[in-house]
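A.B. asks:
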Amino acid sequence: YRTLANKVPEITLAGCWAHARRGFADLYKISKDPRAAIAVKKIAGLYRLEKKISSRPVEKIRQWRQRYARPILEELWSWLEEQEPQCSPGKALHKAIAYALSHRVELSRFLEDGAVPLDNNVCERAIKNVVLGRKSWLFAGSQMAGERAAQIMSLLETAKRNGLESHAWLTDVLMRLPEWPEERLAELLPLEGFTFSG
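One point on numbering: in full-length UniProt numbering, the residue at position 95 of the sequence shown is 95, and numbering is uninterrupted.
(1) Please state if the CB of A14 and the CB of E124 are separated by a distance shorter than 8 Å.
(2) On the three-state DSSP scale, how would you describe residue 217?
(3) Which ranges does the beta strand (DSSP E) cover as unbroken runs of at least 3 residues, wholly within the segment 111-194, from first to last along the chain?
(4) Using a Cβ distance threshold of 8 Å, determine whether the segment 108-117 contacts the segment 47-67, with at least three qualifying pairs required.
(5) For G45, which of helix, strand or coil comes out of DSSP?
(6) Determine whether the beta carbon atoms of D33 and L93 lie at a separation below 8 Å.
(7) For the segment 74-87 against the segment 127-134, do three or more pairs of beta-carbon atoms, one drawn from each stretch, fall closer than 8 Å, so that the two count as touching?
(8) Assuming I97 and L80 form a contact by the criterion Cβ under 8 Å, report the distance between their Cβ atoms to the nearest whole angstrom.
(9) Find out if the Cβ-Cβ distance for the pair R109, T12 is shorter than 8 Å.
(10) Are Y47 and L118 closer than 8 Å when you measure CB to CB?
(11) Are L191 and N162 touching if we call contact CB-CB under 8 Å?
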């Protein structure tokens, strides 16, 4: 993703706390390492806060994160920086700490924008069918066909995410598209506020 973000300045990367947590959680599950447990507990504090504030308006979420999540995160970063030199390079704990610290900027991005989720679990669930299908589908026909299929699947999942019935949205858009002015194409995107014709 960093390569893509470097090419497209409009893209801002946000880290996934579920991925950062996994290294510590897996280690604790296997070895009961108390340091892994401490990291998991600190990260759980971020998730507890998110659960409390998730239904609030985006700006309120940002304010709460600034006030309550920032101190949790600063404490976590300090603790990780203290632990890293004490860990053997190549060991699971060192890898988990190094991953989190190397993604510090991206993992902190949620503090600045209430619309940025703590993790990308919703997105991963949305593409699960594509990932499963990829194992079964042998060909898309061509590189361009594969890209188009990915674009359509992305639009259909976006429709679902925004409470639209994806088949109805696609049918409606395909009926309107031949006569639709190009400068108004954004109005047909399956976003909140989309209105069906007729």
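Each residue gets a CB set at the ideal place from its N, CA and C atoms; glycine is no exception.
C.D. replies: In brief:
(1) Cβ distance not < 8 Å, so E124 and A14 don't count as in contact.
(2) The question about residue 217 has no answer here: the residues shown for the chain are numbered 1 through 198.
(3) Complete beta strand (DSSP E) runs here, min 3: none at all.
(4) With the cut-off at 8 Å, the segment 108-117 and the segment 47-67 touch.
(5) The answer is helix: DSSP assigns G45 an H, G or I state.
(6) Yes. Within cutoff.
(7) Cβ pair count under 8 Å is below three, so no.
(8) For I97 against L80, the beta-carbon gap comes to about 5 Å, under 8 Å, which counts as contact.
(9) For R109 and T12, yes; Cβs fall inside 8 Å.
(10) Pairing Y47 with L118 gives a Cβ-Cβ distance under 8 Å.
(11) For L191 and N162, yes; Cβs fall inside 8 Å.
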